[in-house]
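Residue numbers (UniProt numbering): 1 to 219.
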């Protein structure tokens, strides 16, 4: 099979998908977003039938190789050998519902902290970084949904689908972390980095701060 550009979401071999996911995981781990063995990534390798490459469970995400992935079906069940991440079923559901080619799940400090502070959802407005998830920087509110966690992936998937906004490629799971998706690995990475930046900003209290009396925003 001819090698495809990294990030191409469909018709990758499992080994090619594993190489892409290992590279992405190493990047996120270097940021401290996949500490210990936490977090998982997936890449759609085929649509008919639905097949995803998902990072294997229990491994250090900063040390993955191209072989450290498991092939799963549209329900997140393993196809062949290997044990996928426990959240593989949610990855598969996100891919089915949104048409995403790649899904990222990270356990960032900012996502857990802000989820506790804003359990009803996080509102962002008037920020240039919103363009990073395909939204306007001005004149609209963007709400990042927050859902309650569950160890039952069917329950968690139902909560995600009920809260899902097609215009926001992410959801925050309270006390757990972020799920973010995109058309391919690169898009999912960019969305993840953008959403994490927005959450870190929210954690500083900047958005809720009153403008300085002498600033143009106060007039």
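Even for Gly, the Cβ is constructed at its ideal location relative to N, Cα and C.
Should the segment 33-45 be regarded as contacting the segment 79-95, the criterion being three or more beta carbon pairs within less than 8 Å? yes
With a threshold of 6 Å on Cβ separation, who are the neighbours of residue 126 within its own chain once the five nearest residues in sequence on each side are excluded? Position 126 of the chain shown holds residue 126. If we look at residue 126 and ignore the five residues flanking it on each side, its Cβ neighbours are 138.
Rounded separation between residue 194 and residue 169 - CA only: Sequence index remark: in the chain shown, residue 194 carries index 194 (1-based). Sequence index remark: in the chain shown, residue 169 carries index 169 (1-based). Answer to the nearest angstrom: the Cα atoms are 11 Å apart.
Starting from the N-terminal side, write out each stretch of the beta strand (DSSP E) that is 3 residues or longer and does not extend beyond the segment 111-168. 122-124 and 142-144
Considering residue 182, what are the terminal residues of the beta strand (DSSP E) in which it resides? In the chain shown, the residue the question calls residue 182 occupies position 182. That run of the beta strand (DSSP E) goes 177-182.
If you count every other CB in all the chains shown that lies within 10 Å of the CB of residue 131, and 16 or more means buried, which is it? Numbered from its first residue, the chain shown carries residue 131 at position 131. By the neighbour-count rule (16 or more Cβ atoms within 10 Å), residue 131 is not buried but exposed.
Since residue 144 contacts residue 122 with CB under 8 Å, what's their CB separation in whole angstroms? If you number the chain shown from 1, residue 144 lands on position 144. If you number the chain shown from 1, residue 122 lands on position 122. About 4 Å; that satisfies the 8 Å criterion.
Roughly how many angstroms separate the alpha carbons of residue 60 and residue 81, rounded to a whole number? The residue you call residue 60 lines up with position 60 of the chain shown. The residue you call residue 81 lines up with position 81 of the chain shown. Each residue's Cα considered, the two are about 19 Å apart.
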